[in-house]
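Asks: Below is the structure I would like to discuss, written out as structure tokens.
Number of protein chains: 4
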Amino acid sequence: MTDTIASLVDHACLIVHGPDQQGVVAEVAALVSRNNGNIISLDQYSTDPEGGDFFQRVVFHRPNLVAAMPEIEDDLQRTLSTFGMTWRLVDMSVPKRMAILASKSDHCLLDLLWRHRRGELAVTIPMVISNHTNVAEDVRTFGVPFFHVPSQEGPDKSQSEAEILRLLAGNVDFVVLARYMQVISNDFLEKVGVPVINIHHSFLPAFIGAGPYRKAKERGVKLIGATAHYVTEELDEGPIIEQDVVRVTHAETASDLQRRGADVERAVLSRAVLWHAQDRVIRHGNHTIVF
Amino acid sequence: MTDTIASLVDHACLIVHGPDQQGVVAEVAALVSRNNGNIISLDQYSTDPEGGDFFQRVVFHRPNLVAAMPEIEDDLQRTLSTFGMTWRLVDMSVPKRMAILASKSDHCLLDLLWRHRRGELAVTIPMVISNHTNVAEDVRTFGVPFFHVPSQEGPDKSQSEAEILRLLAGNVDFVVLARYMQVISNDFLEKVGVPVINIHHSFLPAFIGAGPYRKAKERGVKLIGATAHYVTEELDEGPIIEQDVVRVTHAETASDLQRRGADVERAVLSRAVLWHAQDRVIRHGNHTIVF
Amino acid sequence: MTDTIASLVDHACLIVHGPDQQGVVAEVAALVSRNNGNIISLDQYSTDPEGGDFFQRVVFHRPNLVAAMPEIEDDLQRTLSTFGMTWRLVDMSVPKRMAILASKSDHCLLDLLWRHRRGELAVTIPMVISNHTNVAEDVRTFGVPFFHVPSQEGPDKSQSEAEILRLLAGNVDFVVLARYMQVISNDFLEKVGVPVINIHHSFLPAFIGAGPYRKAKERGVKLIGATAHYVTEELDEGPIIEQDVVRVTHAETASDLQRRGADVERAVLSRAVLWHAQDRVIRHGNHTIVF
Amino acid sequence: MTDTIASLVDHACLIVHGPDQQGVVAEVAALVSRNNGNIISLDQYSTDPEGGDFFQRVVFHRPNLVAAMPEIEDDLQRTLSTFGMTWRLVDMSVPKRMAILASKSDHCLLDLLWRHRRGELAVTIPMVISNHTNVAEDVRTFGVPFFHVPSQEGPDKSQSEAEILRLLAGNVDFVVLARYMQVISNDFLEKVGVPVINIHHSFLPAFIGAGPYRKAKERGVKLIGATAHYVTEELDEGPIIEQDVVRVTHAETASDLQRRGADVERAVLSRAVLWHAQDRVIRHGNHTIVF
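Residue numbers (our numbering), protein chains in the order written: chain A, 1 to 291; chain B, 1001 to 1291; chain C, 2001 to 2291; chain D, 3001 to 3291.
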């Protein structure tokens, strides 16, 4: 269920993670209740009821949430530490700040900007950064700041990455690579300090790396796909958030696949962004739990 | 998640339904916990957090469940009656008894028998009843009793329905119409006393009534579908459990649609049966909540 | 396969329709060959090889097509009239002129404008007409003229329709209703003289008329859809060009369905527009053949 | 469009392959026409209209086809050799003979046997061979001979393969590996002399080799799939005939994926078998053209 940010005043999202054990659901529910919260939705998952990892996402309504948050957080700290659980409490009326990095392709970028303007994504977009300038006017039409950071020549990208990091620093809660065609260095990943979501134009782990549509054509597959994932040090190996495919035939050229795939890419990326913005995606090792 | 019946010893499924109100989740979770249950999965839904209907399905593990059930039921009665909630507690290791009513078509029938033999459906099949005899040998090959109840001539089906009711009485927990081509009377529905699931060969509410594939061909639709639903007094108007579709083209004849649709029908029906057998489907007015 | 208009110089599309009979395929292929055409693609369909209706779409490359077209047309006239066939020969490098009628909703409109800018649709867009003004700026950003024709109060829409007809007259090859929320009169349909494509926000024939998402929610369906069709005198009864669906659950509200459905609508409409623009869609009674 | 074999008397399928060139479509159509054939369907594809490979499948009706075939074949030889084309003419009323190799899993095997009995597959099934005996009774219930050829211990499978080859020799037109869990040697492939179709339980090229569902679980994919392909010397690298996927979540275990995947496997394999039996699949290097 998606809601506009405005309707989410006094709504909190609580994420709990830790070792599965008897009574933890009751404890969390009791905690919400004694803090005058009314549970709106509750999802949970355990990798193994006997000694596995437990994950929970609880959305609750609590009048005057902002004033009460410190108190609820204290209670969470006291209660859940005895269970060895970690937790995160989010005021759902505060949209996450999302930066978009793009290159020449506009399909994923524009789709996110449209959906944002329609109120479909629970985010603000403080900036779009691109190593090209062709999308600048479109971005600014949406009232979003555009910054041009040209790609550095050669394999060392440290200067251009440093400039991007300066722009992002303190201003964003997560970064989306909307068909950003530059490899991100591990150094960048460490310094950026917020989650980075990428859209890969294949059904991972098939066709890892460059030129996936060309590879798909060469292999003669009957479906092509796209994968949204968190970026980690290993290229195209990060935790998968969402995937989808579309049927193709022998008659379609590699450029047909590219055009058909663009529709899948923007759909998959927009779902991944929405779910991340709503704290529905929990990372666990190289996996995601998507509630 | 599907599990074989054998692995579900000491697993209970609790269904709760009633007016949504603060604290009810905590109350149920505490109840499970104080009865030494460890929650395996928990799903809930509220039609409206303010004054809506609340539905919950909790699966929990409890050593020596059978011995403890009366005690847990007492606790449920005491606890939930104060909230005005109704509830149902199910021992998940006891498979539901499913009767299948069929006619000449074997695709839905055989698919259920196969899946049952593979251990995919959490049911036993005490009998198959048909108004034809062509499937008798197949059914008995699966070790399932087959009864032939010929259709009564004319509009009055009371005698053949009475014979079916005598066979079912006390022996089944639900009935599946696996392309059973006889209209069920309201009188039968009242007397059978257990849920009846039907598979309709169209994407309801499109093409209600007889000959949906012919109607689909005439209308020139680009997708055809199937719908599994609970049978109610209103033909093809009962609560929908599951639906799916498949893409077709102008080049396919009505009999092609029938053949293509048969695959959708058996897939949709098998999902509906599995979910019903696992108490995942809750009826609410003319809707279903499927956890 | 989609191609940009530029790459389609010297490409012709020939549509043939008439009574099926032996030798017609050979005759058409020979005709193309003796006019120095090289067949790129060929699709055909017969409602019945014995006395049915025959439909064919042939794309061929012919150097200096424009100069040769009168000659080819003469040959077609001579050759196919003996078979009782009708035909249409199209220079594929000439894009069709598409007018878009819209209301407040922008998702279908913007998707068409954006695909057009990317070169995905083989059309020009001489104008967008809306009974609202909220989309004016967006439309003009794409370099497309915007005309505001307010809806006439009351049931008689003849004046506003007349104004729309004046704008369209002579300027367009087909009209797309991109969630245009006004009922089109039969008088308008007769006078406009070009095909009109509509996107209906349900899986027709389910939920005909107004409020389909509300009706879908009330009926409790598990899939929602959209249908692109040619507009005829009978509301929502015209020949279906394309349909698609998306899975929904009990937890989604009518407004969730609306948001989810918007993605299906724009995808379905864009496919229908592309196929129409490429002369892939042939109307036959209340059906379409889509090659 | 599928037709029963019986309705295909006097129907021929002509497959043509060679260098694309102007006039070839006309030539083939004229040839069919002058041999008194009435074209029922015609599909064609060219990898490149300028100097590419041309593929065509023509189905035509010709009274007294059997008597006329030698004459038509002579005409084909004379006509198409001048174009440098190869061709194949098939009497569609003669079903292809399909052997099935299976192991313990029965889902793909039973689905093929059942579809065959319903008349959905244009084949006869002269034998099922398995390295296990658990499916013997089921196979014989369908009236199909069952042969048990135990797997040879150790890496050398030459003796058991030789026994299988003796059973197949002269008796079959193609072989289907319906979840046959033995690696086929290159020597076997050379000697068998007919196409061999395999169903791989992943969306190739993802998760090549053993244990694909386990690998899919480990990688955390959101869709799992199956691939039907022709078997070549390179394991899991042969030309893909058909693929499909189904959506899964974090909550599903590797054995859930296996159960869910089984439905995709049998659906994908049955489509591949049907299309192969109808001569719809043309191999071209490591690709397939599927008409």
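Quick reminder that beta carbons are idealized off the backbone N, C-alpha and C, glycines included.
The model shown is predicted, which means the values in this text are computed figures rather than measured ones.
Cβ of I289(A) less than 7 Å from any chain D Cβ?
Replies: Chain D contact via Cβ: present.
Asks: Would you check if there are 3 or more beta carbon pairs closer than 8 Å linking the segment 168 to 186 of chain A to the segment 122 to 133 of chain A?
Replies: The segment 168 to 186 of chain A, when compared against the segment 122 to 133 of chain A, does touch it at the 8 Å Cβ threshold.
Asks: Going along chain C in order, which residues have a C-beta closer than 8 Å to the C-beta of T1249(B)?
Replies: Here the neighbours are V2290.
Asks: Around the Cβ of T227(A), are there at least 16 other Cβ atoms within 10 angstroms (buried) or fewer (exposed)?
Replies: It is buried - the Cβ of T227(A) has at least 16 other Cβ atoms within 10 Å.
Asks: When DSSP labels each residue in this structure, what does T3047(D) get in the three-state scheme?
Replies: T3047(D): coil per DSSP, three-state reduction.
Asks: Please state whether DSSP places R3259(D) in a helix, a strand or coil.
Replies: Residue state, collapsed to three classes: helix.
Asks: Would you say L167(A) and F147(A) are within 7 Å of each other, going by their C-beta atoms?
Replies: Going by C-beta atoms, L167(A) is nearer than 7 Å to F147(A).
Asks: Can you check whether the CB of A277(A) is closer than 7 Å to the CB of S122(A)?
Replies: For the record, residue 122(A) in the displayed sequence is Ala; it is not Ser. Yes, the pair counts as a contact, with Cβ atoms nearer than the cut-off.
Asks: I need the boundaries of the alpha helix (DSSP H) containing E3242(D), first residue and last residue.
Replies: Per DSSP, E3242(D) belongs to no alpha helix (DSSP H); it is in the beta strand (DSSP E), 3240 to 3247.
Asks: Is the Cβ of A2206(C) closer than 7 Å to any Cβ of chain B?
Replies: Output row for A2206(C): interface = yes.
Asks: Since V3024(D) is in the beta strand (DSSP E), which residue starts that stretch and which ends it?
Replies: Run containing V3024(D): none in the beta strand (DSSP E); it sits in the alpha helix (DSSP H), 3024 to 3034.
Asks: To which residues of the same chain is R2283(C) closer than 7 Å at the C-beta, ignoring the five residues directly before and after it?
Replies: If we look at R2283(C) and ignore the five residues flanking it on each side, its Cβ neighbours are Y2230, P2239.
Asks: Out of curiosity, what's the CA-to-CA distance linking P155(A) and T2249(C)?
Replies: P155(A) and T2249(C): Cα-Cα distance of roughly 48 Å.
Asks: Quick one, are the C-beta atoms of E3163(D) and V3176(D) less than 7 Å apart?
Replies: No, the pair does not count as a contact, with Cβ atoms beyond the cut-off.
Asks: Please tell me whether I1197(B) and A1272(B) are closer than 7 Å, where the distance is taken between their beta carbons.
Replies: Result yes, Cβ atoms of I1197(B) and A1272(B) sit closer than 7 Å.
Asks: Answer with yes or no whether the minimum CB distance from R2078(C) to chain D is below 7 Å.
Replies: So, not an interface residue.
Asks: Between the segment 257 to 272 of chain A and the segment 208 to 218 of chain A, do three or more beta carbon pairs fall short of 8 Å?
Replies: Because the criterion of three Cβ pairs below 8 Å is met, the segment 257 to 272 of chain A and the segment 208 to 218 of chain A touch.
Asks: Rounding to the nearest angstrom, what Cα-Cα distance links R2153(C) and V2245(C) in this structure?
Replies: Residue 2153(C) is actually Glu in this sequence, not Arg. Their Cα atoms are separated by approximately 35 Å.
Asks: Could you tell me whether the segment 1069 to 1083 of chain B touches the segment 1045 to 1053 of chain B, using the rule of 3 or more Cβ pairs below 8 Å?
Replies: Cβ pair count under 8 Å is below three, so no.
Asks: Verify the CB distance criterion: does A2029(C) have a CB-CB separation below 7 Å to chain D?
Replies: For A2029(C), the answer is yes, since a Cβ of chain D falls inside 7 Å of its Cβ.
Asks: In chain order, which continuous runs of the beta strand (DSSP E) of length 3 or greater are located wholly inside the segment 3167 to 3218 of chain D?
Replies: Complete beta strand (DSSP E) runs here, min 3: 3174 to 3178, 3196 to 3200.
Asks: Less than 8 Å between the CB atoms is what I'm expecting for N1186(B) and E1233(B), so what's the real figure, rounded?
Replies: Going by Cβ atoms, the distance from N1186(B) to E1233(B) rounds to 5 Å, so yes, they are a contact pair.
Asks: Report the three-state DSSP secondary structure of M331(A) (helix, strand or coil).
Replies: No answer is possible for residue 331(A): it lies beyond the span of chain A, which begins at 1 and ends at 291.
Asks: May I have the straight-line CA-CA distance separating C3013(D) from H3061(D), to the nearest angstrom?
Replies: Those two C-alpha atoms are separated by around 9 Å.
Asks: Runs of 4 residues minimum, wholly inside the segment 1088 to 1165 of chain B: which ones carry the alpha helix (DSSP H) assignment?
Replies: Listed in chain order, they are 1107 to 1117, 1136 to 1141.
Asks: Mark S2081(C) as exposed unless 16 or more other C-beta atoms lie within 10 angstroms of its C-beta, in which case mark it buried.
Replies: Classification for S2081(C): exposed.
Asks: Is the CB-CB distance between N2131(C) and S2103(C) below 7 Å?
Replies: Yes, they are a contact pair.
Asks: Quick check on A2254(C): does DSSP put it in helix, strand or coil?
Replies: If DSSP states are grouped into helix, strand and coil, A2254(C) belongs with the helices.
Asks: Thinking C-alpha only, which one of F2054(C), V2192(C), R2247(C), V2009(C) is nearest P2019(C)?
Replies: For the residues F2054(C), V2192(C), R2247(C), V2009(C), the minimum Cα distance to P2019(C) belongs to F2054(C).
Asks: Cβ of S3270(D) within 7 Å of Cβ of R3115(D)?
Replies: Yes. Within cutoff.
Asks: Nearest to L109(A) by CA position, among G285(A), L189(A), Q21(A), D263(A), is which residue?
Replies: It is D263(A) whose Cα lies nearest to the Cα of L109(A).
Asks: Residues bridged to T3227(D) by DSSP?
Replies: The partner list for T3227(D) (beta bridge, DSSP) reads H3200(D), Q3243(D).
Asks: Between the alpha carbons of S1160(B) and L1101(B), how many angstroms are there, rounded?
Replies: Distance between the alpha carbons of S1160(B) and L1101(B) is about 13 Å.
Asks: Assign Q3243(D) to one of two classes, buried (16 or more other C-beta atoms within 10 Å of its C-beta) or exposed (fewer than that).
Replies: Flag for Q3243(D) reads buried.
Asks: In terms of residue numbering, what span does the beta strand (DSSP E) encompassing V2059(C) cover?
Replies: From DSSP, the beta strand (DSSP E) with V2059(C) extends over 2053 to 2061.
Asks: Bridge partners of T1079(B), per DSSP?
Replies: Answer is none; T1079(B) lacks a bridge partner.
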